[in-house]
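Peer 1:
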Amino acid sequence: MAELNNQFTVENIERSLHHFYHDVESQAQANKFLISAQTSPEAWQFAWQLLHPSKTSEAQFFGACTLHTKISKQWNELPSDHYSVLRDRLLEALFTYVTGPKIILTRLCITMSSFLIQTITDFWPSAISDLISAFQPCNIPNTSPQQVANVLLELLTVLSEEFQTTHLSHPQLGLVRNALRESLKLVMDIVQNILSKTSAPADLCEISLKCYSSWAMLGTDVFEYKSLLLLAFDSVYRDEISQTALETLTNIANLPESSKYPSVILEMIDHINHFDELIKRASQDYDMDKLNSIYSLIIIIGENHCQLLLNTILDKPGKKDAILKLIGFVLQCSSTPGQYPVDEICSEQAFGFWYTLQDAIVSSSREFENLLLVFHPIFQALLDAYMVKLRYPPENVYKQWKSDEKESFRCYRQDIGDSIMYCHNILRNAALANLMAHLDIATTTASSNPSQWQYLEACLFALKEIAESVDIKENQFIPAIMTYLRNIPLQHIRIISAAMEVIGAFAEWINFHPDVLGCVIPLLLMGLQNTDVAISATFALKDISRDCFSSMHPFAEQILHTSLEALKGNILKSREKVRIMATIGKVLSIMPYSFTMEYLDTLLSPIFNELQENLCSKEVTAPSATIIVHDLHIISMLFATLDTRFDKEVEGQELENEVLLIRNNNLEMPQPSLHILERLLAIMRSIGSNWEATEQVTEALCEALKRAVSMLSDSCKVFLPDLLNLLLNLYKQCPHSSVLDMTKQLLVLFVNDTDERPSLSKYFAAVCDHTIQISMKDFRESTAVIESFLHVLDQIIKKAIIFFKDESVNPLVLFQFGAAALNLPEKPTVKAAAGFLAEFITHSREVPSMLNVVNSQGEMLIMQVIKVIGGDSPRSVVEFMPDILMAFNKKYFDNLCRWVVPFTQQEGFPSFRVTQRQKEEFARLVLKERTNKRRLKETVTEFSLLCRGLIGTEYAAQSCQSLS
Numbered sequence: 010m011a012e013l014n015n016q017f018t019v020e021n022i023e024r025s026l027h028h029f030y031h032d033v034e035s036q037a038q039a040n041k042f043l044i045s046a047q048t049s050p051e052a053w054q055f056a057w058q059l060l061h062p063s064k065t066s067e068a069q070f071f072g073a074c075t076l077h078t079k080i081s082k083q084w085n086e087l088p089s090d091h092y093s094v095l096r097d098r099l100l101e102a103l104f105t106y107v108t109g110p111k112i113i114l115t116r117l118c119i120t121m122s123s124f125l126i127q128t129i130t131d132f133w134p135s136a137i138s139d140l141i142s143a144f145q146p147c148n149i150p151n152t153s154p155q156q157v158a159n160v161l162l163e164l165l166t167v168l169s170e171e172f173q174t175t176h177l178s179h180p181q182l183g184l185v186r187n188a189l190r191e192s193l194k195l196v197m198d199i200v201q202n203i204l205s206k207t208s209a210p211a212d213l214c215e216i217s218l219k220c221y222s223s224w225a226m227l228g229t230d231v232f233e234y235k236s237l238l239l240l241a242f243d244s245v246y247r248d249e250i251s252q253t254a255l256e257t258l259t260n261i262a263n264l265p266e267s268s269k270y271p272s273v274i275l276e277m278i279d280h281i282n283h284f285d286e287l288i289k290r291a292s293q294d295y296d297m298d299k300l301n302s303i304y305s306l307i308i309i310i311g312e313n314h315c316q317l318l319l320n321t322i323l324d325k326p327g328k329k330d331a332i333l334k335l336i337g338f339v340l341q342c343s344s345t346p347g348q349y350p351v352d353e354i355c356s357e358q359a360f361g362f363w364y365t366l367q368d369a370i371v372s373s374s375r376e377f378e379n380l381l382l383v384f385h386p387i388f389q390a391l392l393d394a395y396m397v398k399l400r401y402p403p404e405n406v407y408k409q410w411k412s413d414e415k416e417s418f419r420c421y422r423q424d425i426g427d428s429i430m431y432c433h434n435i436l437r438n439a440a441l442a443n444l445m446a447h448l449d450i451a452t453t454t455a456s457s458n459p460s461q462w463q464y465l466e467a468c469l470f471a472l473k474e475i476a477e478s479v480d481i482k483e484n485q486f487i488p489a490i491m492t493y494l495r496n497i498p499l500q501h502i503r504i505i506s507a508a509m510e511v512i513g514a515f516a517e518w519i520n521f522h523p524d525v526l527g528c529v530i531p532l533l534l535m536g537l538q539n540t541d542v543a544i545s546a547t548f549a550l551k552d553i554s555r556d557c558f559s560s561m562h563p564f565a566e567q568i569l570h571t572s573l574e575a576l577k578g579n580i581l582k583s584r585e586k587v588r589i590m591a592t593i594g595k596v597l598s599i600m601p602y603s604f605t606m607e608y609l610d611t612l613l614s615p616i617f618n619e620l621q622e623n624l625c626s627k628e629v630t631a632p633s634a635t636i637i638v639h640d641l642h643i644i645s646m647l648f649a650t651l652d653t654r655f656d657k658e659v660e661g662q663e664l665e666n667e668v669l670l671i672r673n674n675n676l677e678m679p680q681p682s683l684h685i686l687e688r689l690l691a692i693m694r695s696i697g698s699n700w701e702a703t704e705q706v707t708e709a710l711c712e713a714l715k716r717a718v719s720m721l722s723d724s725c726k727v728f729l730p731d732l733l734n735l736l737l738n739l740y741k742q743c744p745h746s747s748v749l750d751m752t753k754q755l756l757v758l759f760v761n762d763t764d765e766r767p768s769l770s771k772y773f774a775a776v777c778d779h780t781i782q783i784s785m786k787d788f789r790e791s792t793a794v795i796e797s798f799l800h801v802l803d804q805i806i807k808k809a810i811i812f813f814k815d816e817s818v819n820p821l822v823l824f825q826f827g828a829a830a831l832n833l834p835e836k837p838t839v840k841a842a843a844g845f846l847a848e849f850i851t852h853s854r855e856v857p858s859m860l861n862v863v864n865s866q867g868e869m870l871i872m873q874v875i876k877v878i879g880g881d882s883p884r885s886v887v888e889f890m891p892d893i894l895m896a897f898n899k900k901y902f903d904n905l906c907r908w909v910v911p912f913t914q915q916e917g918f919p920s921f922r923v924t925q926r927q928k929e930e931f932a933r934l935v936l937k938e939r940t941n942k943r944r945l946k947e948t949v950t951e952f953s954l955l956c957r958g959l960i961g962t963e964y965a966a967q968s969c970q971s972l973s
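To convert a position in the sequence shown, counted from 1, into the numbering used here, add 9.
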């Protein structure tokens with residue numbers, strides 16, 4: 010490859026193609042050269058040379074691809090007087106390759122389609138009829154009529170597909186669509202003529218169906234060709250083209266405009282209801298592709314026209330059976346025999362339909378009770394079907410499954426869980442009665458044969474999934490189910506876990522039926538003694554302690570004792586230990602203060618000792634960092650949940666007298682979290698800066714402090730000096746966004762505390778100075794810190810601008826820092842910078858020093874913003890510049906009018922591609938928009954495209970579409 014120069018000659022391109030296809034080592038370099046060649050102006054010439062029949066197939070294919078690239082993406086390069094020549098040469102090339110090779114013929118069809126889309130609205134309005142006339146057997150000698158028809162149909166098919174994917178401006182899109190629609194009858198007549206002939210070859214019928222499907226995407230007119238729709242249904246019964254016919258009908262039923270043609274949809278349903286034998290044969294032959302396609306058509310009609318189905322049942326009794334038969338097919342799909350995903354993959358298609366159907370029924374304003382009566386047996390049958398589909402396979406089979414199959418089954422079960430909830434929304438108590446009956450049978454089965462646990466686990470899973478939609482006042486079935494949980498055979502880990510998950514899911518219901526706690530708490534605490542079920546037990550205990558907070562006191566000591574024992578052993582993993590702290594924190598909140606403090610001492614002393622020991626080590630190793638982070642997460646969870654000053658009412662329920670008395674007594678004492686925070690800060694103070702602050706540790710420590718401050722609010726004021734000192738030392742060692750989040754939290758919390766303002770201002774100034782200092786060492790590599798810092802500055806201006814008034818804070822430096830960040834390429838960082846600068850400008854008149862900065866630096870920032878718009882920065886960041894311009898426009902309009910004058914008069918700025926008149930027009934439009942940010946964005950985007958020479962390109966069309 011070294012000998013290749015940068016000249017895009019046919020010889021060089023052929024040599025590069027050889028390297029690309031046959032030399033792995035130089036493939037990347039060859040690819041780069043070929044991409045450059047395709048986008049070069051010379052491509053319009055060499056593409057035709059490469060298409061010559063004497064060239065290799067690789068060269069011919071590259072030539073066809075190059076022409077498509079030039080026409081679809083760089084059309085503006087071609088002068089209009091070249092259009093006619095290009096059209097004739099494309100037509101000639103199609104005639105040349107009409108018999109193949111297929112890959113090149115297809116690419117030429119796509120290329121001609123792209124040309125047609127670019128020219129049909131002006132240069133070539135008769136394109137479709139001209140092509141149909143051109144592709145006649147008499148015009149193309151040495152080819153059969155079928156070959157000619159095949160090429161014409163393929164060209165028409167890819168034409169519509171190319172239109173769907175071509176990026177056009179919004180006005181142009183409509184013009185091209187209308188131009189194509191005018192030829193719909195011509196195309197449909199060709200398709201109908203072929204499909205109506207029983208002797209037509211299968212491959213010709215198949216491309217005809219694809220053409221029909223493709224042109225259907227152009228609009229509703231296709232529904233007027235009912236005879237063609239009937240021919241498509243007839244084609245379903247022809248094995249060679251059945252799959253394509255089904256896909257075509259599915260695409261038509263899925264058109265957004267199809268809802269405007271209810272009579273056509275009902276006719277389609279009548280035809281679909283004759284698919285019994287098709288479905289039966291596909292199932293017997295284990296033809297999953299065919300079965301999938303049939304069910305896909307049925308489900309698309311059901312989902313898209315659900316309201317039509319319901320209205321037809323209510324308004325047209327004679328059609329009721331037909332609608333119910335269609336829905337019966339969907340039920341059949343959901344009940345497909347076999348184990349998902351190894352035996353079948355059909356059943357997953359129906360999930361969306363059942364959601365749509367139940368939602369339409371539940372939200373129906375017409376004859377709701379009648380609809381419930383109609384659909385009650387269907388949802389009962391669906392629930393029964395799902396009790397089968399939910400089950401795990403035998404254990405020896407499941408162990409042989411691949412990891413992706415297990416993950417697919419997990420997701421599938423979750424989707425079934427959602428559908429079971431939809432069943433409950435329709436069936437209500439009948440669903441609970443159904444599940445209770447299943448639970449009874451499954452329990453008996455598992456009791457007599459412990460290896461048959463799958464059915465019982467499925468019942469418990471289903472109960473967990475409906476918990477959210479069960480009325481908290483339900484007292485007929487759920488109490489019995491909760492009592493039942495004590496009697497189920499807990500002989501398998503999955504059964505135990507599922508039982509605990511049911512308890513956790515019904516935590517809100519249990520809160521209103523606290524007598525159930527005596528049944529479920531022992532089961533959950535038992536789970537803390539088994540590694541395999543600890544995850545379910547800790548989740549359930551967390552839910553119960555949160556939702557049943559007001560009723561936990563009788564079980565508090567038992568929970569706390571068992572939890573402490575579990576923490577001492579090796580049963581709980583790291584995450585479970587952190588999770589059980591949520592339960593401990595909640596339960597301790599309703600205990601007497603002396604008990605709580607004594608328990609915390611026992612609980613936390615070993616944790617604090619371990620934390621200090623690892624922090625004091627000379628070097629923080631990966632294992633010690635893991636221990637430190639774990640201990641901090643435990644402390645953090647306590648901060649989040651331990652609150653002895655909770656409200657008198659919890660979840661609308663008054664507290665028991667004993668709990669209320671404890672709460673009132675605890676109000677006279679400081680929050681226990683103050684004691685925990687004091688101990689944590691004492692450790693940090695004792696080791697000073699003699700420890701290694703890694704990102705992992707810094708984040709965990711800041712998370713714990715953040716939760717402590719959130720819980721304690723201004724009660725933590727006594728520790729403010731220690732907090733500020735710790736955070737500053739931490740930030741100097743490890744500048745991390747979590748420290749900056751804490752900074753924002755403290756400044757906003759104590760913004761009105763005049764006593765603490767001096768120390769907070771000094772701290773804020775130190776953080777600002779250090780951030781700027783470290784960023785300036787390598788501004789380009791500090792984007793993460795810069796972005797977080799700018800977000801903090803943005804929030805401080807909004808919520809605590811008083812700190813910008815302090816003499817220790819230099820607004821000029823911060824403004825210049827934000828302006829410098831505009832030049833960074835990372836989109837989130839530029840967004841943060843633009844947001845900060847816009848807020849700075851908006852609020853600057855409140856602070857004299859900020860006002861001076863804007864007056865002295867405003868023109869500089871305007872020029873910088875225009876540079877970004879003009880091409881000095883990536884296109885992706887241009888969208889944030891209107892925020893700054895709008896802020897100037899609202900607060901400094903007179904200044905802005907003066908500041909934009911130099912921009913319009915400076916030759917070549919910001920780009921040689923824009924004229925002075927275009928710059929003046931841009932300035933006028935910017936100054937005009939003081940409220941409509943959307944319009945300002947459109948102005949900025951268009952000017953940016955002008956500056957970059959992208960007007961008229963594919964990118965420009967995309968940009969305009971995104972704003973329209």
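Glycine is no exception: its CB is placed at the ideal position from the N, C-alpha and C atoms.
Does the beta-carbon of V718 have 16 or more other beta-carbons within 10 angstroms, so that it is buried, or is it exposed?
Peer 2: buried
Peer 1: Assuming L945 and L894 are in contact, meaning their beta carbons sit under 8 Å apart, how far apart are those beta carbons, in whole angstroms?
Peer 2: 6 Å
Peer 1: Between the alpha carbons of I998 and S208, how many angstroms are there, rounded?
Peer 2: As displayed, the chain neither begins before 10 nor continues past 973, which places residue 998 out of reach and without an answer.
Peer 1: Only counting the same chain, and skipping five residues up and downstream in sequence, which positions put a Cβ closer than 8 Å to that of A143?
Peer 2: L100
Peer 1: State the Cα-Cα distance for the pair E835 and F812, rounded to the nearest angstrom.
Peer 2: 29 Å
Peer 1: Note down, in chain order, each residue of its chain lying with its Cβ closer than 7 Å to the Cβ of S478, except the 5 sequence neighbours on either side.
Peer 2: M430, H433 and N434
Peer 1: Which residue's Cα is closest to the Cα of Q873: F42, D296 and A843?
Peer 2: A843
Peer 1: Looking at P744: is its Cβ nearer than 7 Å to the Cβ of I783?
Peer 2: yes
Peer 1: Do you know offhand how far L597's Cα is from I553's?
Peer 2: Take the alpha-carbon of L597 and the one of I553: they are about 14 Å apart.
Peer 1: Under a Cβ-count criterion, where at least 16 other Cβ atoms within 10 Å of its own Cβ denotes burial, should C147 be classed as buried or exposed?
Peer 2: exposed
Peer 1: Should R907 be labelled buried (16 or more other beta-carbon atoms within 10 Å of its own) or exposed?
Peer 2: Burial call: exposed.
Peer 1: Which residues bound the alpha helix (DSSP H) around M445?
Peer 2: N438 to S457
Peer 1: Would you mind working out which of P891, D881, S791 and S545 sits nearest T1029, comparing C-alpha positions?
Peer 2: The shown model of the chain, from 10 to 973, leaves out residue 1029, and the question about it has no answer.
Peer 1: Counting Cβ pairs closer than 8 Å, one from the segment 528–538 and one from the segment 575–586, do we hit at least three?
Peer 2: yes
Peer 1: Count the other CB atoms within 10 Å of the CB of L177; is the residue buried (16 or more) or exposed (fewer)?
Peer 2: buried
Peer 1: Check each candidate in F70, L103, D131 and H61 and name the one with the smallest Cα separation from D90.
Peer 2: That would be D131, whose Cα lies nearest to the Cα of D90.
Peer 1: State the DSSP-derived secondary structure class of E916, mapped to helix, strand or coil.
Peer 2: In this structure, E916 counts as coil in the three-state DSSP scheme.
Peer 1: Report buried or exposed for T65, applying the criterion of at least 16 other Cβ atoms within 10 angstroms of its Cβ.
Peer 2: exposed
Peer 1: Can you find the residues in the same chain that come closer than 8 Å, C-beta to C-beta, to F17, ignoring five residues on each side of it along the sequence?
Peer 2: S45, A46, S49, E51, A52 and F55
Peer 1: Quick one: what's got a C-beta closer than 8 Å to S724's C-beta in the same chain, skipping five residues either side?
Peer 2: If we look at S724 and ignore the five residues flanking it on each side, its Cβ neighbours are P679, Q680 and L683.
Peer 1: What does a CB cutoff of less than 7 Å around F826 pick up in its chain, not counting 5 residues either side in sequence?
Peer 2: Closer than 7 Å at the Cβ level, and outside the excluded window around F826, lie I781.
Peer 1: M226 and Q173: beta carbons closer than 7 Å?
Peer 2: Taking the C-beta atoms as reference points, Q173 is found nearer than 7 Å to M226.
Peer 1: Does any CB atom of chain D fall closer than 7 Å to the CB of L651?
Peer 2: Absent from the structure is chain D; it holds one protein chain and no more.
Peer 1: Going straight from the alpha carbon of F29 to that of E23, what length do you get?
Peer 2: Going by C-alpha positions, F29 is about 10 Å away from E23.
Peer 1: Check for me: the alpha helix (DSSP H) holding C220 runs from which residue to which?
Peer 2: Counting along the chain, the alpha helix (DSSP H) containing C220 begins and ends at A211 to A225.
Peer 1: Which residue comes first and which comes last in the alpha helix (DSSP H) that contains R933?
Peer 2: Q925 to K937
Peer 1: I'd like the span of the alpha helix (DSSP H) that includes A649, first residue to last.
Peer 2: A631 to T650
Peer 1: Distance, Cα to Cα, S1 vs F824?
Peer 2: The displayed coordinates of the chain run from 10 to 973. Any statement about residue 1 would go beyond what the structure contains.
Peer 1: Report yes or no: do three or more beta-carbon pairs, one from the segment 583–597 and one from the segment 618–629, lie closer than 8 Å?
Peer 2: no
Peer 1: When you compare only the Cα positions, how much space is there between C956 and P820?
Peer 2: 33 Å
Peer 1: Candidates Q389, F360, Y364 and D324: which alpha carbon is nearest R375's?
Peer 2: D324
Peer 1: Relative to the C-alpha of L391, which candidate in K807, E378, E404 and Q367 has its C-alpha closest?
Peer 2: Q367
Peer 1: Determine the direct distance from the alpha carbon of E171 to that of S122, and round the result to whole angstroms.
Peer 2: 7 Å
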